[in-house]
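Engineer: Numbering (our numbering), first residue to last: 16 to 483.
Beta carbons: idealized from backbone N, C-alpha and C, even for Gly.
(1) Here's a check: name, in chain order, each residue in its chain whose Cβ is nearer than 8 Å to the Cβ of residue 454, leaving out the five neighbours to either side.
(2) Quick one: Cα of residue 191 to Cα of residue 238, how far?
(3) Going by beta carbon distance, what residues of the same chain come within less than 8 Å of residue 142, once the five residues before and after it are set aside?
(4) Using 10 angstroms around the beta-carbon of residue 443, count the other beta-carbons present and answer buried if the total reaches 16, otherwise exposed.
(5) Where does residue 279 sit, in a helix, a strand or coil, going by DSSP?
(6) Looking at C-alpha atoms only, which residue of 247, 316, 260 and 449 is the closest neighbour of residue 284?
(7) Give every residue of the same chain whose Cβ lies closer than 6 Å to the Cβ of residue 413, excluding the five residues on either side of it in the sequence, and list them in chain order.
(8) What distance in whole Å lies between the Cβ atoms of residue 372 and residue 360, which are believed to be in contact at a cut-off of 8 Å?
(9) So, is residue 330 buried or exposed, given that buried needs 16 or more other C-beta atoms within 10 angstroms?
(10) From residue 473 to residue 369, what does the alpha carbon distance come to, in whole angstroms?
(11) Going straight from the alpha carbon of residue 294 to that of residue 231, what length do you get?
(12) Could you spell out where the alpha helix (DSSP H) holding residue 488 opens and where it closes?
(13) In this structure, how does DSSP classify residue 350 when only helix, strand and coil are distinguished?
(14) Quick check on residue 215: buried or exposed, where buried means 16 or more other Cβ atoms within 10 Å of its Cβ?
(15) Taking the alpha-carbon positions, what's the residue 30 to residue 40 distance?
(16) Indicate whether residue 114 and residue 128 have their beta-carbon atoms separated by less than 8 Å.
(17) So what does DSSP say about residue 22, is it helix, strand or coil?
(18) Among 320, 145, 222 and 86, which has the Cα closest to the Cα of residue 116?
(19) Do residue 263 and residue 233 have their C-beta atoms closer together than 8 Å?
(20) Just the Cα atoms here: how many angstroms apart are residue 165 and residue 243?
(21) By how many angstroms is the C-alpha of residue 327 removed from the C-alpha of residue 430?
(22) Given that a residue counts as buried once 16 or more other Cβ atoms are within 10 Å of its Cβ, and exposed if not, what is residue 392?
(23) Nearest-angstrom Cα distance between residue 176 and residue 206?
(24) Taking the continuous alpha helix (DSSP H) assigned at residue 97, which residues delimit it?
(25) What distance in whole Å lies between the Cβ atoms of residue 135 and residue 160, which are believed to be in contact at a cut-off of 8 Å?
(26) Measure how close the beta-carbons of residue 432 and residue 468 come, nearest whole angstrom, since I'm counting them as under 8 Å.
(27) If you follow the alpha helix (DSSP H) that residue 288 is in, where does it begin and where does it stop?
(28) Quick one: residues in its chain with C-beta nearer than 7 Å to the C-beta of residue 382, no 5 flanking neighbours on either side, listed in chain order?
(29) Is residue 215 helix, strand or coil when you go by DSSP?
(30) In angstroms, rounded to a whole number, what distance separates the CA positions of residue 337 and residue 401?
(31) Would you say the beta carbon of residue 306 comes nearer than 7 Å to a heavy atom of the ligand MN?
(32) Put residue 16 into one of helix, strand or coil per three-state DSSP.
(33) Taking DSSP as the reference, what is the three-state secondary structure of residue 375?
(34) Could you give the residue range of the alpha helix (DSSP H) that holds residue 430?
(35) Would you mind listing the alpha helix (DSSP H) stretches within the region 133-166 that are 4+ residues and don't spill past its ends, in chain order?
(36) Can you give me the Cβ contacts of residue 138 inside the same chain, cut-off strictly under 6 Å, excluding the 5 residues immediately before and after it?
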């Protein structure tokens with residue numbers, strides 16, 4: 016096989032040919048560095064290790080190849096071995112900032128973030144080029160993020176962006192810090208200042224729009240996303256965010272137009288399809304709304320918002336049979352989604368399918384939804400089914416999460432009286448009256464057979480007197 020030496024991948028091609036033939040070919044150290052870098056970037060660790068081994072055999076004094084060896088050791092969590100090599104390299108080249116960068120990396124991997132910062136600051140003092148400075152500032156910023164020191168992280172991310180205004184990942188990190196600190200106004204001020212000198216930076220306009228959206232200044236958010244689109248008319252994120260702003264402004268037709276642009280620019284996203292469906296629903300164009308809700312689940316069957324949108328669409332129109340059909344589909348796809356089971360229970364309750372409703376509420380609780388209404392709804396279903404002991408057990412569990420709750424106590428009182436446990440019934444009813452007499456209607460409503468009992472009438476009358 017013939018290789019052209021003009022091919023920029025020629026050293027890599029020669030190296031891989033050598034591995035196949037077991038011939039030993041000579042490469043200079045910079046060629047080995049490029050080969051190793053290529054393999055590391057592509058996640059081919061075994062080949063990178065092979066290249067490092069061969070490289071060090073041919074160039075045993077190469078510091079850069081030794082530093083690649085350190086990178087591999089860090090990946091393999093062999094920190095002690097990495098440290099030993101770095102100490103040896105530091106003795107050889109004490110002013111090589113790359114050695115300090117790798118030392119910082121080893122420290123960071125061991126959660127020694129402050130020590131990593133101190134080491135990186137030494138590397139910054141040694142650095143001689145702005146591009147190196149930018150990278151180092153970004154690394155220091157990331158270490159401060161690990162320490163949750165967002166104010167300090169901001170300082171270094173800003174220094175990085177001042178050095179390299181095209182580093183958009185750092186711009187995102189700056190905004191992330193402001194978001195975490197709940198400093199939206201400061202973020203807006205910073206972004207506006209940045210845009211004064213970088214007026215065509217679509218990422219900055221996009222981030223500015225998001226900040227205005229957060230503080231509910233939708234007019235300014237809309238303008239910012241317009242500038243992002245002017246700067247880059249293929250910027251899908253800007254169209255998407257602009258659509259969300261237009262929804263807030265109740266300009267649903269314009270929102271649909273922006274979402275549809277995203278569909279034209281790339282493969283349809285379930286989020287855009289869902290938002291279009293919601294917009295059509297707001298415009299009372301039910302057929303189109305349902306069409307896009309169904310497209311949403313066709314695009315991504317695991318997106319729970321899509322199934323919930325279809326289910327609630329039919330529930331609003333009191334078509335519980337169709338709502339049940341779609342929530343059953345959703346449950347079959349993801350049986351551990353608590354939102355699905357809550358809707359499943361609610362729909363079955365509306366259809367008077369009480370045993371299925373109980374199954375839905377039970378599963379909802381098993382999945383960790385401990386909201387009061389879930390416990391109460393299940394209790395009422397069990398009462399309707401005549402499962403009084405099960406209802407009591409359910410309410411006693413509920414009382415562990417919702418202490419001193421009148422709605423629970425009134426139900427427990429009625430249930431204990433129903434199963435002829437008078438003392439327990441009286442205790443819970445009296446306790447319920449103390450907690451909130453306004454809920455005394457629960458007993459006659461859920462337990463009409465108890466209305467003629469003098470003791471219960473007396474307790475309820477006392478409750479009515481207190482509430483008045």
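Structural biologist: Per the coordinate set shown:
(1) Your numbering for residue 454 matches position 439 in the chain shown. Only 421, 422, 425 and 447 meet the Cβ criterion.
(2) Here the question's residue 191 lines up with position 176 in the chain shown. Here the question's residue 238 lines up with position 223 in the chain shown. The straight-line gap from Cα to Cα measures roughly 22 Å.
(3) Here residue 142 refers to the residue found at position 127 when the chain shown is read from its first residue. Hits under 8 Å: 112, 148 and 151.
(4) Residue numbering aside, residue 443 sits at position 428 when the chain shown is read from its first letter. Answer is buried; the Cβ neighbour count reaches 16.
(5) By 1-based counting over the chain shown, the position of residue 279 is 264. Residue 279: helix per DSSP, three-state reduction.
(6) Translated into the one-based positions of the chain shown, residue 284 becomes position 269. Nearest option by C-alpha distance: 316.
(7) Taking the chain shown and counting its residues from 1, one reaches residue 413 at position 398. Closer than 6 Å at Cβ, skipping near neighbours: 390 and 423.
(8) Position 345 of the chain shown, counted from the first residue, corresponds to residue 360. Position 357 of the chain shown, counted from the first residue, corresponds to residue 372. With 8 Å as the limit, residue 360 and residue 372 qualify as a contact, their Cβ atoms being about 5 Å apart.
(9) On the chain shown, position 315 is the one that residue 330 refers to. Buried is the call here.
(10) As a first step, residue 473 is located in the chain shown; it is residue number 458 there, counting from the start. As a first step, residue 369 is located in the chain shown; it is residue number 354 there, counting from the start. Each residue's Cα considered, the two are about 33 Å apart.
(11) To locate residue 294, count along the chain shown from 1; it is residue 279. To locate residue 231, count along the chain shown from 1; it is residue 216. If you take the alpha carbons of residue 294 and residue 231, they lie about 19 Å apart.
(12) Only positions 16 to 483 of the chain appear in this structure, which leaves residue 488 out of reach.
(13) The residue given as residue 350 occupies position 335 in the chain shown. Three-state DSSP puts residue 350 in coil, outside helix and strand.
(14) Residue numbering aside, residue 215 sits at position 200 when the chain shown is read from its first letter. It is exposed - the Cβ of residue 215 has fewer than 16 other Cβ atoms within 10 Å.
(15) Locating residue 30 in the chain shown gives position 15, where the first residue counts as 1. Locating residue 40 in the chain shown gives position 25, where the first residue counts as 1. Each residue's alpha carbon lies about 8 Å from the other.
(16) As a working mapping, residue 114 is identified with position 99 in the chain shown. As a working mapping, residue 128 is identified with position 113 in the chain shown. Contact flag unset, no.
(17) What you label residue 22 is simply residue 7 of the chain shown in a count that begins at 1. Residue placement at residue 22 is flagged as unreliable, the pLDDT there being 47, under the threshold of 50; the coordinate-derived value follows with that caveat. Of the three classes helix, strand and coil, the one that applies to residue 22 here is coil, per DSSP.
(18) For the purposes of this step, residue 116 is taken as residue 101 along the chain shown, with counting starting at 1. When only C-alpha atoms are compared, the closest one is 86.
(19) Residue mapping note: residue 263 aligns to position 248 of the chain shown, counting from 1. Residue mapping note: residue 233 aligns to position 218 of the chain shown, counting from 1. Yes, they are a contact pair.
(20) Start at 1 with the first residue of the chain shown, and residue 165 comes out as number 150. Start at 1 with the first residue of the chain shown, and residue 243 comes out as number 228. Rounded to the nearest angstrom, the two C-alpha atoms are 27 Å apart.
(21) Counted from its first residue, the chain shown places residue 430 at position 415. Counted from its first residue, the chain shown places residue 327 at position 312. The straight-line gap from Cα to Cα measures roughly 33 Å.
(22) As a working mapping, residue 392 is identified with position 377 in the chain shown. Under this definition residue 392 is a buried residue.
(23) On the chain shown, residue 176 is found 161 positions in, with the first residue counted as 1. On the chain shown, residue 206 is found 191 positions in, with the first residue counted as 1. Using only the alpha carbons, I get a separation of about 12 Å.
(24) Position 82 of the chain shown holds residue 97. Run containing residue 97: 94-107, per the alpha helix (DSSP H) assignment.
(25) Start at 1 with the first residue of the chain shown, and residue 160 comes out as number 145. Start at 1 with the first residue of the chain shown, and residue 135 comes out as number 120. Rounded, the Cβ-Cβ distance is 13 Å, inconsistent with contact.
(26) Walking along the chain shown from the start, residue 432 turns up at place 417. Walking along the chain shown from the start, residue 468 turns up at place 453. Correct: roughly 7 Å between the Cβ atoms.
(27) Looking up residue 288 in the chain shown gives position 273. Taken as a continuous stretch (DSSP letters only), the alpha helix (DSSP H) holding residue 288 covers 285-297.
(28) Numbered from 1 along the chain shown, position 367 holds the residue referred to as residue 382. Cβ within range, chain order: 351, 353 and 356.
(29) On the chain shown, residue 215 is found 200 positions in, with the first residue counted as 1. If DSSP states are grouped into helix, strand and coil, residue 215 belongs with coil.
(30) To locate residue 337, count along the chain shown from 1; it is residue 322. To locate residue 401, count along the chain shown from 1; it is residue 386. Using only the alpha carbons, I get a separation of about 29 Å.
(31) In the structure on display, the ligand MN does not appear, and there are no ligands present to speak of.
(32) Here residue 16 corresponds to residue number 1 of the chain shown, with the count starting at 1. In this prediction, residue 16 has a pLDDT of 35, which is less than 50 and means its spatial position is unreliable; nothing more can be read from the coordinates.
(33) Taking the chain shown and counting its residues from 1, one reaches residue 375 at position 360. In the structure shown, residue 375 sits in a helix (DSSP, three-state: H, G or I).
(34) Within the chain shown, the letter at position 415 stands for residue 430. Residues 421-433.
(35) 145-161
(36) Here residue 138 refers to the residue found at position 123 when the chain shown is read from its first residue. Cβ within range, chain order: 112, 115, 116 and 151.
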